[in-house]
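Chains as they are written, first to last, in my numbering: chain A, 18 to 335; chain B, 27 to 433. In what follows, a single structure is set out as structure tokens and then discussed.
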Amino acid sequence: MQPHEVFLQQLITGLSNGMIIALIALGYTMVYGIIELINFAHGDVFMLGAFLALTLLGVLGMEAWSPTWRIGGVAIMLVGSALFCGGLNWTLDRVAYRSLRRASKLSLLVSAIGCSFICTNLGLFWGGVPMEVFAGGVAAAAPKDFPQLIPQTNLLGASAIRITPADIAVVVVTVPLMIGLVFLVNRTRMGRAMRAVAQDATAAALMGIPVDRVIGITFFIGGALGGFASVVYALYNNTIGFQMGYRAGMDAFTAAVVGGIGSLPGAVLGGLTIGLVRAMSDQYLETQWTNTIVFGMLVMILIFRPSGLLGTTRREKV
Amino acid sequence: MKNTLPTITFILIASLGLFASFAATAAQQSESSKGTLHLVSSLPRTGSANAQTSTMVNGIKLAIEEVNGQIDGWTITYQDLDDASPQRGNWDPTVEAQNANAAAKDRSCVGYIGTFNSGAAKVAMPILNRAGLVMVSPANTYPGLTKPGTGEANEPMVYRPTGKINYFRVVPADDLQGTQAANWAKSLGAKKVFILNDRELYGKGIADVFQKRAKEIGMEVVGFEGTDAKASNYRPLVTKIKAVGPDLVYFGGTTQSNAGQIAKDLRAGGYEGLYMVPDGCFEQAFIEAAGDSNLNDKTYITFGGLPAEKLTGRGATFREAYHKRYGSDPEAYAAYGYEAARVLLDAIARAKTKDRAGVLAAVAETVDFDGVLGKWSFDANGDTSSKVMSGQTVKNGKFEFVKVLGD
């Protein structure tokens, strides 16, 4: 491989990874934008989405399907996981967060951490389900192989640069979702209600906006994005495990903060930045420094630009 | 004052219970004339290592059953401790320290079988050393745990605060395995190698040995990198590897530190060369995590011992007994779990005093032991004199024995 080919390849890999991170980061940033809660359970909701996708794959026997049908299978998983994660996130809000709306922000945060633990352990149980896709459920905590429904072959034939159908799938799923989300928030009635609640919940309530319902819907959408992300992640990496939510959530949270938490374009920019920084650091520095660089970047941003790359400054409430 | 009555009742019941349990213990002890000698094992039982460690625990139980749980009128009891936590899905230093402390405090405990991971041994060794409790590892292969001059400058003395040796292992160390792996890589035709390690004690240790040997025998080392065991994928790293064009990638690490995902990403990223891993990946969980199509015919696994189906003599007896007792085949390390337990039982039988000091002294004097890999003895460092190594590959989703590795 020529140096410029290596660079291009890292660009492609970085962008693919970055888009997945961005999609998860959107879930963090939406919830933060509206109730200023860092929803620590988000990464684990994302993880459970991947388990649902693998379960659907196993129950419907998608591995035996023809390539055309497999695309339909992916669509089923995307819809299933999105509804499931959206519903789960909505339920978390209803059960664990709503009654704490007037409590201190810290109580809410602790509640979120508790939800994260519960979800992680649900994933641990789920991995022990005696199904063939979970390798019989013998080792619940072991990583699970997620079959290659979307092939990882090179579309450019013998070229040194690889673009695989899995890379394409990442773009095809994430980009429309991001555009759709921006449209939803900026152009629809619901979006306007969300922005109103984010700005001032009391005033919004006085204007007749059903605040709790709007917050619930925000949680649903954030969770659904996590659900979509989980399927894309599983198709791209071909491995899922009950701990994947931690690292993915950490990266996505960092992305949201780097981009400016609360800002939708910020989350996307942050995600892509982290994906690219990871790839370039692996290539041009040493792999063992990559985490240091990513989290060092987070610290730098917090010191010199606390509101993030695209965030707007506003009063701190926490 | 309404609550007084329930409180008093509670205290009464509680003290009755306490008394009953004392009485029970006393009765138990009077049944066997001489008392109880307790063995524990500390192995990762949560996570993907469980498949492997389950068969090791089976091996230990088998060894104890063979003596009917009795030696010279002493009752042998055994407890299977887990040194992993669900949070890590892998061995956890906090849990390992708890296990070691619990064993150290229990005066009836005369032997500690473990650990599985060399990093965990580093935690347990000083604790057990202070307690004078003998530790026999069925699986640690990091050389620095026993051999001076192979690891850090302060190893292994840092693990022996009392200056006495209480740690023994029945498995050959990685100064042999890493060297043999590099020799084998060369004989497979590799000229340029890229070496990865998981930055753990075991993985980094064996990768260092592999690198040293690879250079000695004239292979070109085109990269040496530490990986992140929790990364979601290694695609950027694979691109980096492909750019320098090695014909063999060596990963010093375990299934738990993501050897399977690395195999997956190497293939998904279009790398077509060979992939070699050490014994930390010699378990079915590795094939399951990687997906067999990513491993078949191009993956090589070294192991300090022989796979169960190749054992002869005492080892073959073990394999048959295991199959008869459990109805399934043991994983690679089950034989060493069995061996570690037998070494302890043999030492208990020979011990002059049936306590920690006696058993420790007897273990150290183990000579010409009739083990599953033939006759061996412990040397002055606590290492086995056995040097049997084997090489495996993966065919159709199964491990397949290739050859015995030797000079």
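Quick reminder that beta carbons are idealized off the backbone N, C-alpha and C, glycines included.
- For residue 66 of chain A, the secondary structure class from DSSP, reduced to helix, strand or coil, is helix.
- Taken atom to atom, the span from the alpha-carbon of residue 305 of chain A to that of residue 403 of chain B is near 40 Å.
- At least one CB of chain B lies nearer than 8 Å to the CB of residue 250 of chain A.
- Interface flag for residue 179 of chain A against chain B is set, since a Cβ pair is found closer than 8 Å.
- It is roughly 19 Å from the alpha-carbon of residue 178 of chain A to the alpha-carbon of residue 294 of chain A.
- For residue 106 of chain B, the pairing in a beta bridge is given by DSSP as B:67.
- CA-CA distance, residue 146 of chain B to residue 140 of chain B, rounds to 9 Å.
- Within the same chain, 287, 291 come within 7 Å of residue 259 of chain B by CB-CB distance, once the 5 residues on both sides are set aside.
- Closer than 8 Å to the CB of residue 31 of chain A there is at least one CB belonging to chain B.
- The beta carbon of residue 399 of chain B is closer than 7 Å to those of 331, 332, 341, 412, 414 in its chain, skipping five residues each way along the sequence.
- Taking C-beta separations shorter than 6 Å and ignoring five residues to either side along the sequence, the partners of residue 270 of chain A in its chain run 45, following chain order.
- Secondary structure note for residue 208 of chain A: it is in no beta strand (DSSP E), and the uninterrupted alpha helix (DSSP H) holding it is 206-216.
- Taking the C-beta atoms as reference points, residue 315 of chain B is found no nearer than 8 Å to residue 137 of chain A.
- Around the Cβ of residue 405 of chain B, a 10 Å sphere holds fewer than 16 other Cβ atoms; the residue is exposed.
- Here residue 151 of chain B has 185, 193 as same chain residues with Cβ atoms under 6 Å from its own Cβ, once five neighbours each way along the sequence are excluded.
- Inclusion of residue 211 of chain B and residue 274 of chain B in the CB contact set at 8 Å is warranted, their separation being smaller than that value.
- Going by C-alpha positions, residue 392 of chain B is about 20 Å away from residue 167 of chain B.
- Within the region 255-266 of chain B, the residues whose Cβ lies closer than 9 Å to some Cβ of chain A are 256, 257, 258, 259, 260, 261, 262, 263, 264, 265, 266, listed in chain order.
- Considering only beta carbons, the part of the region 227-260 of chain A lying closer than 9 Å to chain B consists of 250, 253, 254, 255, 256, 258, 259, 260, in chain order.
- In this structure, residue 288 of chain A keeps its C-beta atom at 8 Å or more from the C-beta atom of residue 99 of chain A.
- For residue 379 of chain B, no CB of chain A lies under 8 Å from its own CB, so it is not counted at the interface with that chain.
- Residues of chain A whose Cβ lies closer than 7 Å to the Cβ of residue 290 of chain B are, in chain order, 255, 256.
- Residues of the region 185-208 of chain B that bring their beta carbon within less than 8 Å of a beta carbon in chain A are absent altogether.
- One thing to note: residue 250 of chain A has its Cβ no nearer than 8 Å to the Cβ of residue 272 of chain A.
- If you compare the alpha carbons of B:115, B:313, B:283 with that of residue 259 of chain A, the shortest gap goes to B:115.
- For a cut-off of 8 Å, the C-beta gap from residue 165 of chain B to residue 357 of chain B is around 11 Å, too long to register as a contact.
- For residue 210 of chain B, the enclosing alpha helix (DSSP H) covers residues 200-213.
- Residue 305 of chain B sits in a helix when the DSSP states are folded into three classes.
- Against chain A, the CB of residue 268 of chain B has a partner CB under 8 Å away; the residue lies at that interface.
- When the alpha-carbon of residue 35 of chain A is set against those of A:188, A:21, A:193, the nearest one is in A:188.
- Note that the C-beta distance between residue 69 of chain B and residue 109 of chain B is below 8 Å.
- Of the residues assessed, residue 223 of chain B falls on the buried side of the cut-off, its CB having 16 or more other CB atoms within 10 angstroms.
- Within chain A, the residues placing a beta-carbon under 7 Å from that of residue 296 of chain B are 171, 179, ordered along the chain.
- For residue 293 of chain B, the enclosing alpha helix (DSSP H) covers residues 285-294.
- For the region 146-162 of chain A, the set of residues with a beta-carbon nearer than 9 Å to any beta-carbon of chain B comprises 152, 155, 156, 157, 158, 159, 160, 161, 162, in chain order.
- The closest CA to that of residue 231 of chain B, considering only B:205, B:214, B:216, is found on B:205.
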